[in-house]
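Okay, so here's the structure we're looking at.
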Amino acid sequence: MMAPIADPRFSPMPAGMFFSASVGNALPLLHQIRHALTALLTGGTETIIDLGAIPFGPGDEAVLEETLGTGEVHAVLTAMGESHVRETAIPGVWRIDHRDMAGALQSRFVEITMMPDILKTQREDAVRGLKVLEDRLAALDGGTPV
Amino acid sequence: MKTRPLLSETMAAHGVSRRTFMKYCATLASVMALPPALAPRIAQALERARRPSVIWLSFQECTGCTESITRSHAPTIEEMIFNTISLDYQDTLQAAAGHQAEAARHQAMKENYGKYLVVVEGSIPVANPAYSCFAGRSNLDVLKETAAGAAAIVTVGTCAAYGGIPHAMPNPTGARAVSDIITDKPIINVPGCPPIPVVMTGVLAHFLTFGVPELDDLGRPKAFYGDVIHDRCYRRPFYDKGLFAETFDDEGARAGWCLYKLGCKGPTTHSVCATVKWNGGVSFPIQSGHPCLGCTQPDFWDGGGFYKPLSVPTGDYRALAAGGVGVGAVVGAAGALVGRGVKAEAARKHETVDAHDLEKPS
Amino acid sequence: MTASLERGLNALREQIDAPVASFFTSCVHCGLCAEACVFYRETEDPRYIPIRKLDPMRRLWRREFTLFGRIGAMLGLVRPVTDADLGEWETLVYDSCTLCGRCTLVCPVGNDITLMIRKMREGMSAAGHTPKELIGAAVRHVETNSLMGNLAPALRAQVKRSVAETGIDIGFDQPGVDYMVILSAQETMDYPEILSSMARIFKKAGISWTIASDGFEATNVGVQIGSRDIARILVARVVEAAERLGVKGVVSPECGHAYQALRWEGPNLMGRAFNFEVVHIVELLDRLRAEGKLPTKGMESRRVTFHDPCQINRRGGIDREPRRLMALVASDFVETDDAGAMNWCCGGGGGVGANERATKLRLTAFKRKKAQLEKVNPDKLITMCAYCHHTIEEAMEEYHMEIEVQGLTDFVATYLDDEPAGA
Amino acid sequence: MNPAFTLFMWARGPAFDVALAIFAAGITLRLVEMVVLGRKTDLAPAKGHPIRQGLATIFTRSIPRPGLVRFAPGTYLGGYVFHLGFFAAFLLFAPHIALIRDALGLSWPAANRAIVESATALAVVAAIILFFSRVMDPVRRALTGFEDYLVLLLSVLPLVTGYVAANKLFGNPEMMLAVHVLSVDALLIVFPFTKLMHSVSFVFSRYYNGAIQGRKGAES
Chain A
1324 MMAPIADPRF SPMPAGMFFS ASVGNALPLL HQIRHALTAL LTGGTETIID LGAIPFGPGD
1384 EAVLEETLGT GEVHAVLTAM GESHVRETAI PGVWRIDHRD MAGALQSRFV EITMMPDILK
1444 TQREDAVRGL KVLEDRLAAL DGGTPV
Chain B
4 MKTRPLLSET MAAHGVSRRT FMKYCATLAS VMALPPALAP RIAQALERAR RPSVIWLSFQ
64 ECTGCTESIT RSHAPTIEEM IFNTISLDYQ DTLQAAAGHQ AEAARHQAMK ENYGKYLVVV
124 EGSIPVANPA YSCFAGRSNL DVLKETAAGA AAIVTVGTCA AYGGIPHAMP NPTGARAVSD
184 IITDKPIINV PGCPPIPVVM TGVLAHFLTF GVPELDDLGR PKAFYGDVIH DRCYRRPFYD
244 KGLFAETFDD EGARAGWCLY KLGCKGPTTH SVCATVKWNG GVSFPIQSGH PCLGCTQPDF
304 WDGGGFYKPL SVPTGDYRAL AAGGVGVGAV VGAAGALVGR GVKAEAARKH ETVDAHDLEK
364 PS
Chain C
8 MTASLERGLN ALREQIDAPV ASFFTSCVHC GLCAEACVFY RETEDPRYIP IRKLDPMRRL
68 WRREFTLFGR IGAMLGLVRP VTDADLGEWE TLVYDSCTLC GRCTLVCPVG NDITLMIRKM
128 REGMSAAGHT PKELIGAAVR HVETNSLMGN LAPALRAQVK RSVAETGIDI GFDQPGVDYM
188 VILSAQETMD YPEILSSMAR IFKKAGISWT IASDGFEATN VGVQIGSRDI ARILVARVVE
248 AAERLGVKGV VSPECGHAYQ ALRWEGPNLM GRAFNFEVVH IVELLDRLRA EGKLPTKGME
308 SRRVTFHDPC QINRRGGIDR EPRRLMALVA SDFVETDDAG AMNWCCGGGG GVGANERATK
368 LRLTAFKRKK AQLEKVNPDK LITMCAYCHH TIEEAMEEYH MEIEVQGLTD FVATYLDDEP
428 AGA
Chain D
134 MNPAFTLFMW ARGPAFDVAL AIFAAGITLR LVEMVVLGRK TDLAPAKGHP IRQGLATIFT
194 RSIPRPGLVR FAPGTYLGGY VFHLGFFAAF LLFAPHIALI RDALGLSWPA ANRAIVESAT
254 ALAVVAAIIL FFSRVMDPVR RALTGFEDYL VLLLSVLPLV TGYVAANKLF GNPEMMLAVH
314 VLSVDALLIV FPFTKLMHSV SFVFSRYYNG AIQGRKGAES
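These protein sequence lines are chains A, B, C and D, in that order.
My numbering applies: residue 1324 is where the first sequence begins, and numbers increase by one.
My numbering applies: residue 4 is where the second sequence begins, and numbers increase by one.
My numbering applies: residue 8 is where the third sequence begins, and numbers increase by one.
My numbering applies: residue 134 is where the fourth sequence begins, and numbers increase by one.
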């Protein structure tokens, strides 16, 4: 659908045109992230910031993107559409972008955490996984239930 | 009465993993403008939610709101929401027509009396009901009848919420808002012309999970209508710096300066346009270079003109002031002539002062 | 004709014009006029706020010259002006105002309050609310030739003494001369040395002059009382004498209100422009100085300062002339604070000095002048108004101050180089 | 439906129209009434330049006389800051410029909001000083009546309500805008009937004062 232009990197505004006009929100957000990271290190407090709730001007996100950079981890979930979980060049600061099955961006977060919860296996899934594994083992054992 | 499945059951049936569900809840939190940390609570609430019956009534409207929600950029989420609900009546979307459709509505009402949700799109003509009827019945009748058994009503679009364009002067149909007619049910107003699709789904999700959201004075969910666009607008710094586009094609317009002087209603318009934006977060009117029309506000059509700055008077004040100057000049001259008359009379009556009569006779 | 409220209000109505209307319209009740007023400053009594002294006139203007005021009057919102009001205001208008004009210069909206007090006095006098000493002076002046009674014999005696002293003849009633000189009664009686000084200066400059035996008195109590009718009678004596003698000009002496009366009010009182020039003695001296006709010899080396008479500087426009003359003859000339157009009033002008019941107030007001003088501590004070001269001397006596006071003409004449060349 | 919006539209619609008509008619009336009274020609030959000095005094009288400020610092300081602040807030704020452009076709650049808001705050502080000087100072108290307090209040209200509306300090922003515009409407209506007239008539009184003094060659 409209996935390509939904990505800020493919903003319809020519890059740089509004860069000087970007006066507002990248910088305060980066400061907020700094505070959150301090809180994580001192008290273990995790923070999630919804990027959808922040009024970005064209260019703001590029500043954010450039400042945080790209880190070591880049995980892709396939869960009714892809989700990209990337650690930024600032370890402890993660970017999480959820997309739907059509590839359109659904929601975007910055998480300040040692490990984003979404990467961990959910207990319910593990329970279901155990059952599936047991079913499969049963099948391997000759099709007869124990 | 059918037992409606729990959402979690529906999802499990579709083979949706818990992780996928959590991803969905995170997105839903974002859509509902709730803090991301609330995602687990949304998950809990959704797990227990039953699919409610929804009856969607279309009155004096342009179907733009339906278009908006069905053309929404995130079909999967909306699909999931709509999978969560049971849309038992929607005359634009449903396959049934005529008596069959009406029968479906009556059946849904009967089966879910007191529990179903009514969504209204469009205003209700009260002065002359003949302007909008279906199945030979006036909108007013159908609304009253349907609302009677509703758990709550969601008005979608400014027409249903506040009368909208049909209500604009001179309002030939006597268009009224739902809240003008139904006063004994919770009404959640989701105004906009049309509303942002994710706002509509966000409100539905909120209703499903946490019930009727917190509303402002105009019945709008505060989560989506709490702030004015102006306060969240990326062009706000230009307003604060005093940099404005004066015309649509000047340097200021090209440089993306504030559109206040071109009539932008952002300062008085409550909406999340500036943050959620439209078309999957691509842009919103101000970002595209056009002032906000104020479509989420009552009577936005009668606000004195889309291109008239908020600070500019709406009446024909120049002619009145000119008239005032004229009247003032005439009356003032007349008054002054009276004053000159007083002086002339005083001069005529002047009694010469003599050194010998300076003392008052005692 | 007798003084009555109706006659007074009528006279006031005649005085109200566009400037008065604009002044009352503009007043914002800021009270800055009070800060400038010597009477308020030295008493800090809010009754002396200059604009308040005009309240009856303001009410008359509102009631009869504004539409809203007329409506207000019909509704009983604007009180009419009563005789009791005028009676109450008499002391404010006559005792606590010397028409000095400081308020006029500080008013932020530009109200000429002084002009309005002058106009207000027209109504007050016509209504019979004039201090009795001023009435007496008016009667004497109208009946004889001066506010002090018949001064003709005294003047002749002073002239004779001067001629004897200088050897320069002073002729009475000589037609066709350059200037006709008039004198204030104060000069004739207290400071006659001006005659000799003028005689010497004019002789040196080659100016011919005369004194009219029927128009020698420069003061005009009509202007102080605020009666155009009386002022006209008095000024007409001088104007008619000058016209009869066919002089080029009339020299207005060192007297503040006399200059005001002849130079600025005169033509308007007479209803016609004069065919002679009115020049203040100090203006004339400065003109002679510029033309090189005022040679001086030596200078006063003691510390000298200057008092600006209100009617001559602030209300008369003669500010630089006396200072150029001072520079000519005083080597240690110091200005007081606020010197020039904003100089403080001596407290005796505008009829206040003649008004017995105002004596205490006048002496209180003088404290401002006293403070000014004490700050520069001069040996000598020069001024160019005989009445200021008189008021200051009297007040200094009261306050035991010992500063010599001298008229500017006399001071300049002291250093006039009128020895024959080569002698 | 939305009382705030309805009130706002009324304030900037019919109420403004009526207020402006009263304002324009009233000011014209009072100025004409004043000027048409006329004055006699002055027959005394001029020593200075009456017209030139009259015109100059319209401007020069804005500068205080040295030595006087210390006697009434509150009135001087409060007066200056109030006037400058009021007009800075009025004339440099973009929405007001938009209004003036609509009315008169004149336009100029707007100032930074920090400047506008500082000017507003200063003007309000100045008004408070002026208020206290009216209450405490014997001279001001003696001259002060109901009208003075009314005018002071009505002059401050647009500043305060405008500040509140622009900063959304409290209340519904539309309601605060409505209140702001209504406060301006009120100011316009009382203008011709009160001493607010000084803001136009001062031109005349300063001119007359300067011309009278100028004829004599005296300072003004």
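Even for Gly, the Cβ is constructed at its ideal location relative to N, Cα and C.
Cβ-based neighbour list, residue i, same chain, cut-off 7 Å, excluding 5 preceding and 5 following
| i | result |
| --- | --- |
| C/Tyr266 | Ser259, His287, Gln318, Ile319 and Gly323 |
| C/Arg66 | Val85, Arg86 and Val88 |
| D/Ala259 | Gly211, Val214, Phe215 and Gly218 |
Residue-level contact to chain A via CB, residue i, 9 Å cutoff
| i | result |
| --- | --- |
| B/Thr272 | no |
| B/Ala52 | no |
Cutoff 8 Å; reference residue i; Cβ partners in own chain excluding five residues on either side
| i | result |
| --- | --- |
| B/Arg108 | Ile58, Asp91, Tyr92 and Thr149 |
| D/Arg274 | Arg267 and Val268 |
| B/Asp230 | His273 and Val275 |
| C/Glu409 | Met403 |
C-beta neighbour in chain D for residue i, strict 9 Å
| i | result |
| --- | --- |
| C/Gly273 | yes |
| B/Gly214 | no |
| B/Thr317 | yes |
| C/Gly38 | yes |
| C/Val45 | no |
Proximity winner among the options, relative to residue i (alpha-carbon distances)
| i | options | result |
| --- | --- | --- |
| C/Met127 | C/Val188, C/Leu388, C/Ile410 and C/Trp68 | C/Trp68 |
| C/Thr421 | C/His148, C/Lys304, C/Val188 and C/Ala212 | C/Lys304 |
| A/His1397 | A/Ser1406, A/Thr1365 and A/Leu1453 | A/Ser1406 |
| C/Met205 | C/Ala225, C/Arg239 and C/Ser169 | C/Ser169 |
| A/Asn1348 | A/Leu1360, A/Ile1377 and A/Thr1365 | A/Ile1377 |
| C/Ile214 | C/Arg321, C/Asp185 and C/Ala249 | C/Asp185 |
| A/Asp1423 | A/Gly1375, A/Leu1400 and A/Thr1411 | A/Leu1400 |
| C/Arg239 | B/Asp360, B/Thr355 and B/Ala104 | B/Thr355 |
| A/Leu1363 | A/Ala1449, A/Thr1436, A/Glu1457 and A/Ala1462 | A/Thr1436 |
| B/Gln63 | B/Asp183, B/Glu12, B/Pro169 and B/Cys261 | B/Pro169 |
| B/Thr73 | B/Val201, B/Ala133 and B/Met172 | B/Val201 |
| B/Gly292 | B/Cys236, B/Leu146, B/Asp219 and B/Ala111 | B/Cys236 |
| D/Gly350 | C/Pro63, C/Ile78 and C/Arg270 | C/Arg270 |
Neighbour flag for residue i against chain C, beta carbons, 9 Å
| i | result |
| --- | --- |
| B/Leu361 | yes |
| B/Val341 | yes |
| B/Gly329 | no |
| B/Val334 | yes |
| D/Leu321 | no |
Chain B contact for residue i (CB, 9 Å cutoff)
| i | result |
| --- | --- |
| D/Phe324 | no |
| C/Leu122 | no |
| A/Ile1328 | Reliability fails at A/Ile1328, whose pLDDT of 37 lies under 50, so the model's placement of it is uncertain and the value that follows must be treated cautiously. Yes, its Cβ sits closer than 9 Å to a Cβ of chain B. |
| A/Ile1356 | no |
| D/Leu224 | no |
Contacting residues, own chain, Cβ-Cβ under 6 Å from residue i (five flanking each side not counted)
| i | result |
| --- | --- |
| B/Glu217 | Lys225 |
| D/Thr208 | Ser266 |
Legend entry - Contact the stretch 313-320 of chain B vs the stretch 135-154 of chain D: 3+ CB pairs below 8 Å: yes
Legend entry - Contiguous alpha helix (DSSP H) assignments of at least 4 residues, all confined to the stretch 1365-1434 of chain A: Within the stretch 1365-1434 of chain A, the complete alpha helix (DSSP H) segments at least 4 residues long are 1383-1391, listed from N- to C-terminus.
Inset, instruction - Would you be able to state if there are at least three C-beta pairs under 8 Å between the stretch 12-28 of chain C and the stretch 99-113 of chain C? - result: Touching, no, given that fewer than three Cβ pairs across the two stretches are closer than 8 Å.
Inset, instruction - Evaluate the contact criterion for the stretch 97-105 of chain C versus the stretch 352-362 of chain C: three or more CB pairs, one atom per stretch, below 8 Å. - result: yes
Legend entry - the stretch 175-183 of chain B / the stretch 123-134 of chain B touching (three or more Cβ pairs under 8 Å): yes
Inset, instruction - Would you mind listing the beta strand (DSSP E) stretches within the stretch 286-326 of chain D that are 3+ residues and don't spill past its ends, in chain order? - result: none
Inset, instruction - Evaluate contact between the stretch 218-231 of chain C and the stretch 151-162 of chain C, counting only Cβ atoms and requiring at least three cross-stretch pairs below 8 Å. - result: yes
Inset, instruction - Jot down the residue ranges of each uninterrupted alpha helix (DSSP H) in the stretch 118-204 of chain C, minimum 4 residues, whole runs only, in chain order. - result: 120-133, 139-150, 159-173 and 192-196
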